[in-house]
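Going by the numbering used here, the first residue of the sequence shown is number 2, and it counts up by one from there. Everything on this sheet refers to the single structure shown next.
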Amino acid sequence: MWNGMVVVWRERLEALLVIGVMWSWTTARHDQRRLRAGLGLGGACLVVVASGMRRVPLVALFRLSEWLLLVTATSLLVAGLDRLVAMAWWPTWVDPLWDVSGGIDDSLG
Numbered sequence: 002m003w004n005g006m007v008v009v010w011r012e013r014l015e016a017l018l019v020i021g022v023m024w025s026w027t028t029a030r031h032d033q034r035r036l037r038a039g040l041g042l043g044g045a046c047l048v049v050v051a052s053g054m055r056r057v058p059l060v061a062l063f064r065l066s067e068w069l070l071l072v073t074a075t076s077l078l079v080a081g082l083d084r085l086v087a088m089a090w091w092p093t094w095v096d097p098l099w100d101v102s103g104g105i106d107d108s109l110g
C-alpha cells in the first residue's frame, strides 16, 4: 500500500515539475492562457473519464486509445522526418514524405 502511495505522489510531483517548466517557457500572456486552457481541458477530460469508467468497457477504451496513439505517433514521426528533410539532414528519396493531396478533391463545394 505504501509503495502505491509513493508512486502516486511521485507522479504528481513530476506533473507539477513539467507544468512549472512549461509555465516558465510561456512568457507571453496568450501562451499562458493557452496553457491554462489546455490544463483545464485535460482536467475536464479526467473528470469525464473517471465518472464514466463504470459504464465504459475497458477493452474498447484501450483499443481506441491504442489506435489514437498509433496515429499520433505516426504523424509525429512523419512530421519529424519532413522537418529533417527540410533541414537537409535526411536524404530526399520522396519529397514530400507524406502526400495525401491525391486523395483530397478541392473542386467540390
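Don't be surprised by glycine CBs; every beta carbon is placed ideally from N, CA and C.
Rounded to the nearest angstrom, what separates residue i and residue j at their Cα positions?
i, j, result
"residue 43", "residue 52", "14 Å"
"residue 38", "residue 82", "30 Å"
"residue 68", "residue 33", "31 Å"
"residue 40", "residue 46", "10 Å"
"residue 60", "residue 66", "10 Å"
"residue 85", "residue 91", "5 Å"
"residue 72", "residue 80", "12 Å"
"residue 64", "residue 16", "25 Å"
"residue 75", "residue 49", "27 Å"
"residue 88", "residue 56", "48 Å"
"residue 77", "residue 70", "10 Å"
What are the start and end residues of the alpha helix (DSSP H) that includes residue i?
i, result
"residue 91", "Unbroken run through residue 91: none, as it is neither H nor E."
"residue 84", "59 to 87"
If we cut at 8 Å on Cβ distances, does residue i have a partner in chain D?
i, result
"residue 39", "Any reference to chain D falls outside this structure, which holds one protein chain only."
Please list, in chain order, all residues of the same chain as residue i whose beta carbon is under 7 Å from its beta carbon, the five residues on each side excluded.
i, result
"residue 62", "none"
"residue 58", "none"
Excluding the five sequence neighbours on either side, which residues of its own chain have a C-beta within less than 6 Å of the C-beta of residue i, listed in chain order?
i, result
"residue 93", "86"
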